[in-house]
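For the sequence shown, the numbering used here begins at 22 and goes up steadily by one.
For every residue, glycine included, the Cβ atom is placed at its ideal position computed from N, Cα and C.
Keep in mind that this is a model prediction, so the values were computed, not measured.
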Amino acid sequence: MVHPLSYDAMKILSITPTYFPEIGGIESVVRELAVRNSSQGSQVDIAHVSAKHTGFSVGELDGIKVFRVPVLGNRLAGYARELGRLAAGYDLLHVHDPQLMMLTGNVLLQCRDIPAVLSTHGGFRHTAKHGAIKWLHERVLMRRLLRRYRKILASSESDKAYFSHFSNRVEKCENGIAYSKFQGGRLTGPPDPTKWIYWGRWSRNKRIDAVIDTVAMARHQGIKIDLLIAGPDFDNLGESLQAQIGALQLDDSVRLHPYIEDAALLQELQQRTVFVTGSEYEGFGIGILEAMAAGKIVLCRDMAPINGFVERSVNGFFLDFDIGAKDLAVVREVASLDGERCTAMSMAAQQRAKRYDWEVVAETFSAHYAEALAAGR
């Protein structure tokens, strides 16, 4: 009888389309899983597969070996020539492929005999961009591409519902957050629900412009919101955002911080009561859960998957970001919250975020890895 390979002996290659120094949700998930699983005795390496790389290289970050694998093509369609040779020495591949295109295609072509699991990270169905390609992909390729994986790890309940139309190997396996780290961002003084913060990537889908418009609407009505916008300028939006702030005469109430180190971020979080994001889609919502771990009351859109953990009047509120009367009423309600209510909502946010602590979530991924290996034995 062949016994399943013990978890401690696993050699895992995590294959991702993005990694540090780029910053975002996928990067954080890949890093945390690699660091935590490596500390348990496994060997976990990372293959960052991208057309941005000019050549194959090997480096180390956080004690983890990182391979930079170039692609002839782009993130949707291309050939990563070195991937098959690199993957040959591993027991299991963990593929992080929201597009389910280039990465999965190369795994299918070059790594046929190596067990693999997929993390969905929201898929690519959130926007109408490349609509014809998505329509064709969904109807012609989706099922056969998903068959390559022993497990499809759905990053949210909405991902599970969607991908279950195409495979019977789908299981919900939500990502985690560095809960204890963001506990350091809890409020140190009395709560002030007019003190807001957004931190995260400055990308178009985050609709930071809509957040600024919301602050302008509030201040025009005498609600004196103070907003800090922090994070890496991923889509080069800084100049246009600063121009918008100036045009709306918000220079004294909205501040841009194009990049912020962890220590400075935690200090700023200690002074802020509300986290706000105008994001139009989220694969999982890691940044929102991190804010909740720091005890922030959340303002966001009422959409999946984030409305699965943000509850109106319990730990947050929903906005449409259309500067309409409904949004004004919500902002007025938030700004008028008393200290007792702010504290109660902050505690509720922390309690909800605790469910996603990597200390617990990493063990769930480990169990899926072991089951995926055992399935082929």
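Identify, in the order they occur along the chain, each residue of the same chain with its Cβ nearer than 8 Å to the Cβ of residue i, setting aside the five sequence neighbours on each side.
| i | result |
| --- | --- |
| residue 355 | 214, 295, 318, 320, 338 |
| residue 25 | At residue 25 the pLDDT is 43, less than 50, meaning the model places this residue with poor confidence and gives no usable figure here. |
| residue 75 | 91 |
| residue 123 | 38, 70, 92, 94, 95, 96, 97, 98, 99, 101 |
Reducing DSSP to helix, strand and coil, say where residue i ends up.
| i | result |
| --- | --- |
| residue 392 | helix |
| residue 131 | helix |
| residue 372 | helix |
| residue 23 | With a pLDDT of only 33 at residue 23, under the threshold of 50, the placement of this residue in the model should not be trusted, and no figure is reported. |
| residue 85 | strand |
| residue 378 | strand |
| residue 180 | helix |
| residue 192 | strand |
| residue 105 | helix |
| residue 47 | helix |
| residue 125 | helix |
| residue 39 | coil |
| residue 92 | coil |
| residue 140 | strand |
Between residue i and the rest of its own chain, which residues show a CB-CB distance below 6 Å, the 5 nearest in sequence each way excluded?
| i | result |
| --- | --- |
| residue 78 | 89 |
| residue 221 | 252, 308 |
| residue 191 | 173, 175, 181, 184, 185 |
| residue 358 | 214 |
Out of the options, which one is the CA nearest neighbour of residue i?
| i | options | result |
| --- | --- | --- |
| residue 193 | 175, 184, 315 | 175 |
| residue 287 | 255, 271, 241, 209 | 209 |
| residue 306 | 177, 119, 106, 109 | 177 |
| residue 236 | 111, 133, 349 | 349 |
| residue 407 | 129, 353, 112, 267 | A query on residue 407 cannot be resolved here, the shown segment of the chain reaching from 22 to 398 and no further. |
| residue 162 | 278, 129, 138, 264 | 129 |
| residue 332 | 351, 361, 369 | 369 |
| residue 421 | 250, 106, 246 | No answer is possible for residue 421: the residues shown for the chain start at 22 and end at 398. |
Suppose the cutoff is 7 Å on Cβ atoms and the five residues either side in sequence are ignored; what does the same chain contact list for residue i look like?
| i | result |
| --- | --- |
| residue 373 | 313, 330, 336 |
| residue 228 | 299, 300, 301, 342 |
| residue 224 | 255, 256 |
Please tell me whether residue i has its Cβ less than 7 Å away from any Cβ of chain D.
| i | result |
| --- | --- |
| residue 371 | Of the protein chains in the structure, only one exists, and it is not chain D. |
Ordered list of alpha helix (DSSP H) runs contained in the stretch 203-291, each at least 4 residues
229-241, 259-268, 283-290, all fully within the stretch 203-291.
Evaluate contact between the stretch 373-384 and the stretch 51-71, counting only Cβ atoms and requiring at least three cross-stretch pairs below 8 Å.
Cβ pair count under 8 Å is three or more, so yes.
Please give the ranges of any alpha helix (DSSP H) in the stretch 293-381, keeping only runs that are unbroken, at least 4 residues long and fully inside the region.
Entirely contained in the stretch 293-381, the alpha helix (DSSP H) runs reaching 4 residues are, in chain order, 307-314, 346-356, 360-375.
Okay, do the stretch 109-129 and the stretch 160-171 touch, 3+ Cβ pairs below 8 Å being the bar?
Verdict: yes, contact present.
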